[in-house]
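Numbering-wise (the working numbering), the first sequence opens with residue 167 and increments by one.
We treat Cβ as the ideally placed atom computed from N, Cα and C, and that holds for glycine.
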Amino acid sequence: MTSETTASGKTERYTPSAIEPKWQAHWASTGLYETPDDGDQPNFYFLTAFPYPSGDVHVGHWYAYAPADCAARFIRMHGRNVLFPMGFDAFGINAENAAIDRKMHPAAWTEKNMAQMREQFLAMGAAIDWRREVITCYPEYYRWNQWMFLKLLEKGLAYRATAPVNWCPRDETVLANEQVINGRCERCDTLVVKKDLTQWFYKITDYADELLRFDGLDWPERVRVMQQNWIGRSEGAEIQFPVEGHRDAAIRFFTTRPDTIYGATFMVLAPEHPLVAVITAPMQKAAVDAYVAKARSESEIERTSAERPKTGVDTGAFATNVFSGERIPIWIADYVLATYGTGAIMAVPAHDERDFAFATQYGLPIKEVVSADGASHATLGAPYTGPGTMVRSGPYSGTASEIGKRTIASEAKKTGIGEPSVTYRLRDWLVSRQRYWGTPIPIVYCPTDGTVPVPENQLPVVLPRDAQFTGRGGSPLAQLPSFVNTTCPKCGGPAKRETDTLDTFVDSSWYMYRYLDTRIDTAFMNAEIGKKWLPVDRYTIGIEHAILHLLYCRFVCKALRDLGYLWFDEPITHLRNQGTIVFKGRKMSKSRGNVQAPDEYVRRYGADTVRLFVMFMGPWTEGNDWDGAGIEGTSRFLHRVWSLGLSERAAPGPRDADLDRTVQRTIKKVTEDLEAYHFNTAIAAMMELSTAALHASGPSRDDATDALVVLLAPFAPHITEELWQRRGGAGSVHRQSWPAYDAAAARDETVTVVAQVDGKVRDRIELPAGTGEDALKQVALASPKVKQAIAGKSIARVIVVADRL
RNA sequence: GGGCGAGUGGCGUAACGGCAGCCGCGGCGGCUUUAGGAGCCGUUGCUCGAGAGAGCGUGAGGGUUCAAGUCCCUCCUCGCCCACCA
């Protein structure tokens with residue numbers, strides 16, 4: 167019934183392996199995907215997250231890049247000059263671990279992987295402008311990490327401080343957060359502990375409030391909420407209570423509930439709080455020291471488990487609750503965190519779950535000061551954390567607690583013991599890493615001049631090649647005298663280099679600016695070209711990056727803006743996230759050994775089929791479980807398209823109105839779906855069109871095929887290019903304009919109207935579209951089935967919905 | 001514990017408040033080629049029925065509505081993020 171035979175009478179099979187490499191080579195040699203900075207059409211910057219060069223392009227990469235490539239091609243066909251660059255986030259722990267495990271230099275390992283992945287991207291048929299490739303481990307790139315570090319330092323946005331960091335006792339090294347899996351070292355499964363180290367930080371907290379705002383950004387609600395939760399803004403007050411017998415030692419605490427201050431019956435310090443050693447009574451010293459030592463030795467997961475019973479020790483010291491005038495004991499307990507607020511709390515057991523549990527455990531007094539019904543209650547079975555009326559609160563008794571929050575805070579300010587305050591959960595960004603494969607921090611420590619920044623004109627501080635990778639004993643750079651020993655830029659005397667490197671999230675926080683001009687050596691970005699493209703029009707990235715990377719990008723943008731280098735507030739105006747692709751319900755990762763390589767599928771079915779399949783699996787934003795079964799369906803679809811495409815054109819003849827309408831409807835559907843990243847339903851619509859076309863004949867079928875080839879081009883670039891050419895199209899199908907549709911022509915002439923009685927479908931009636939309501943009603947009531955259903959009943963109401971009901 | 005999202009055939013999924021299950025996978029039946037890991041057609045939610053057809057069906061239970069997978073309330077389950085954050 168189909169005419170998939172050529173003039174010679176022999177069927178030509180769809181053979182992806184014959185056409186895909188051919189077109190890939192052709193596109194590369196003709197520079198089809200090279201994007202000029204000044205094209206004939208408006209610029210559009212489509213960014214998709216660059217990969218870590220970990221080895222193979224795996225299923226997760228296909229799931230990220232095939233739809234992104236499709237969306238970028240779609241926008242290009244819509245008449246935009248689309249920049250779609252690619253690069254490699256090339257520094258990082260994996261390369262260093264590979265060096266340790268395989269006795270291979272991280273640079274060599276990285277180069278090998280990048281070469282392989284470039285080939286695989288090529289085989290995917292991605293429309294990448296490779297002239298703009300960015301590789302973060304090259305000095306031409308990372309020198310700008312160093313430059314930014316110096317700029318942030320000048321501005322006071324980078325600083326050095328001692329902080330507790332994740333430390334693996336077995337590997338004797340600091341771990342990045344992402345290397346800590348359920349509190350354990352990713353490599354050796356050892357429990358990670360906190361260790362105090364002097365480290366470099368970026369002051370992201372300065373931007374906490376601005377980072378909470380997403381004005382004018384088209385970002386998914388989910389990501390905005392996750393970032394807001396991460397930043398965790400709390401309003402309240404900072405107040406201090408004096409310590410009995412220590413004229414100079416007051417304990418300052420943060421609270422979100424100043425209204426409950428009359429109920430503060432004790433205080434709690436974090437075990438690490440500096441005042442612990444000062445105020446502890448001699449009698450309690452032994453117990454306190456033991457508790458502090460135990461807390462320090464415990465792992466993060468042990469300490470932060472919310473389920474375990476609360477423990478603590480009395481310091482034997484007392485503070486004065488300035489408001490109630492009561493003398494209250496000071497305890498230490500590890501449920502108070504040294505790193506949040508001031509590391510100390512006023513404990514109000516009557517109105518806080520944790521304080522209540524602690525007070526119950528140690529028999530401390532519980533005093534109700536906020537009451538839902540305004541009356542006082544002798545005992546509380548549970549803490550009351552809601553709003554109410556303040557009771558037993560001196561002059562404030564009878565005040566609504568919501569009002570009391572503000573009055574108490576301003577009263578504290580008036581008496582000089584506190585003030586209204588805001589605290590964030592967000593911490594400053596620790597950027598130091600005791601790692602080799604990263605950007606050297608451009609700092610020199612001089613016995614005379616102290617901490618000296620490396621002058622700008624001496625950048626880059628090049629990462630030396632000749633380091634030893636043992637996996638033990640800290641940073642390899644620290645063991646390299648030729649690197650460590652240097653001269654002080656200020657006095658010229660002997661000095662030592664900083665041997666830590668920067669977190670690789672620093673590298674990826676600004677790479678979108680570098681794509682615009684990868685060679686410029688006078689600035690991190692070519693501002694002139696930047697004006698033509700920035701900010702980024704569209705960014706696609708996995709939902710797993712919702713917080714860290716995307717927050718850092720925003721912070722660095724704002725910091726560079728305040729330094730005078732950028733002219734916009736947000737780097738990315740429109741963001742969309744693909745869901746996570748898993749295998750048998752588990753995330754794919756090298757350490758689990760369950761990474762799925764699609765190469766076998768590409769070999770068997772072709773890249774176009776694999777592209778289509780990853781987009782057809784389900785909604786892109788939701789992710790999915792990878793299961794190669796089912797790929798046959800998309801393969802069959804392309805075989806159908808192929809045979810349609812090779813059909814000889816029909817002689818002039820009558821048109822097929824149904825098929826013409828289907829074409830219009832499909833264009834509409836695919837257009838709207840691509841705008842919304844609904845790749846799966848767009849493909850379903852094209853499948854329907856192909857089936858309809860195969861069952862039709864004549865000029866309408868040819869037109870449907872022509873339309874299908876263009877609509878399918880962003881999804882399956884090779885087969886459509888081949889068919890475009892064979893059907894006599896000029897130039898590349900990827901340079902064609904996206905087809906327009908006529909909404910009126912997409913509408914059906916006849917509609918199936920449903921007749922319901924009591925909400926149940928009783929009949930279906932074919933009627934011309936646009937039949938008037940009265941006529942519709944007449945036809946429906948005349949239907950024998952409807953008559954039967956309403957026999958013997960009285961009609962209370964008739965509801966008519968045009969073209970539907 | 002908090003926040004967000006999701007529960008629909010054997011499976012992946014689809015449905016402006018208006019015919020639940022589009023499009024695929026898998027299954028079943030057939031055709032073609034039997035040189036292909038090729039192609040084509042039909043059928044496929046469940047139950048009853050030979051059939052026409054009828055009844056039941058979107059995690060559970062309520063509600064709003066002429067009409068609910070969709071909106072509202074309560075609950076259950078799963079996923080993700082945060083979590084002793086004062």
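Determine the direct distance from the alpha carbon of residue j to that of residue i, and round the result to whole angstroms.
i	j	result
GLU519	LEU377	30 angstroms
LEU716	LEU249	20 angstroms
ASN487	ILE494	7 angstroms
ARG901	PRO883	11 angstroms
PRO549	GLN527	14 angstroms
THR857	ARG806	8 angstroms
ASP372	PHE721	9 angstroms
ALA459	SER471	18 angstroms
GLY540	VAL748	54 angstroms
GLU170	LEU889	Confidence is the limiting factor: at GLU170 the pLDDT is only 38, short of 50, which leaves the residue's position unreliable, though a coordinate-based value still follows. Each residue's alpha carbon lies about 13 angstroms from the other.
CYS351	GLU186	43 angstroms
HIS412	THR617	36 angstroms
SER587	LEU530	28 angstroms
ASP425	ILE574	6 angstroms
LYS1007	ALA763	Outside the displayed range of the chain (167 to 971) lies residue 1007, so it cannot be described from this structure.
ALA870	TYR180	19 angstroms
ILE427	SER490	8 angstroms
PRO335	VAL346	13 angstroms
GLY759	LYS753	10 angstroms
ASP687	TYR308	11 angstroms
HIS711	TYR457	38 angstroms
THR746	ASP793	14 angstroms
Could you check which residue in the options has the C-alpha nearest to that of residue i?
i	options	result
GLY897	TRP189, PHE432 and ARG802	TRP189
GLY772	MET783, LYS753, GLY789 and ARG802	ARG802
LEU198	LEU323, MET691 and ASN247	ASN247
THR364	ASP384, ARG413, VAL340 and ILE405	VAL340
ILE417	ILE496, GLY708 and LEU357	ILE496
PRO182	ASP839, LEU804 and ILE532	LEU804
SER463	ALA374, LEU383 and ASP362	ASP362
ALA374	PRO515, GLY819, GLN394 and LEU942	GLN394
THR505	LYS360, GLU468 and ARG413	LYS360
LEU878	ASP774, THR667, ILE427 and TRP786	ASP774
ILE695	GLY221, VAL346 and ASP204	ASP204
ASN332	THR356, GLY322 and TYR718	THR356
SER567	ARG558, PRO630 and PRO553	PRO553
THR614	LYS656, ASP632 and PHE380	LYS656
PRO737	ASN260, LEU942 and ARG680	ARG680
GLU285	GLU262, PRO219, TYR304 and LYS269	PRO219
Can you find the residues in the same chain that come closer than 6 angstroms, C-beta to C-beta, to residue i, ignoring five residues on each side of it along the sequence?
i	result
VAL502	VAL434, ALA436 and ILE511
ALA173	Any reading at ALA173 must be qualified, since the residue scores a pLDDT of 38, below 50, and its modelled position is unreliable; the value itself is stated next. Nothing meets the Cβ criterion.
GLY507	PHE420 and THR589
TRP385	LEU741
ASP669	VAL597 and ARG599
PHE524	LYS476
VAL672	ASN311 and VAL597
GLY245	GLN207
Since residue i and residue j are thought to touch, with beta carbons under 8 angstroms apart, how far apart are those beta carbons, to the nearest angstrom?
i	j	result
THR652	GLY659	Not really, about 10 angstroms apart at Cβ, beyond 8 angstroms.
GLU664	TYR611	7 angstroms
THR481	ILE532	Wrong, their Cβ atoms sit about 20 angstroms apart, outside the cutoff.
LYS317	LEU682	Their Cβ separation, rounded to whole angstroms, is 19 angstroms, which puts LYS317 and LEU682 out of contact at 8 angstroms.
Given residue i, which residues of its chain have a CB within under 7 angstroms of its CB, disregarding the five upstream and five downstream residues?
i	result
ASP868	ARG815 and ALA816
ASP908	GLN830
LEU732	CYS723 and LEU726
LEU323	TYR368, LYS369, ASP372 and ALA725
What does a CB cutoff of less than 8 angstroms around residue i pick up in its chain, not counting 5 residues either side in sequence?
i	result
THR168	With a pLDDT of 34 at THR168, under the threshold of 50, the predicted position of this residue should be treated as unreliable, though the coordinate-derived value follows. Excluding positions up to five away in sequence, the list reads SER809, LEU810, SER813 and LEU860.
VAL650	LEU643, ALA644, LYS662, ARG663 and THR665
key: Inter-stretch contact (C-beta, 8 angstroms, three-pair minimum) for the stretch 236–246 and the stretch 254–262   = In this structure the stretch 236–246 does not touch the stretch 254–262; the number of beta carbon pairs closer than 8 angstroms is below three.
task = Tell me, please, whether the stretch 297–304 touches the stretch 326–343 by the rule of three or more beta-carbon pairs shorter than 8 angstroms.
result = Verdict: no, contact absent.
key: Inter-stretch contact at 8 angstroms, needing at least 3 Cβ pairs: the stretch 622–630 / the stretch 577–586   = Judged by Cβ distances under 8 angstroms, the stretch 622–630 makes no contact with the stretch 577–586, as fewer than three pairs qualify.
request  = Taking 8 angstroms as the threshold, find out whether the stretch 818–830 comes into contact with the stretch 781–800 through three or more Cβ pairs.
outcome  = Not touching, per the Cβ criterion.
request  = Would you be able to state if there are at least three C-beta pairs under 8 angstroms between the stretch 687–702 and the stretch 205–219?
outcome  = As far as the Cβ criterion goes, the stretch 205–219 touches the stretch 687–702, which means the pair count is three or higher.
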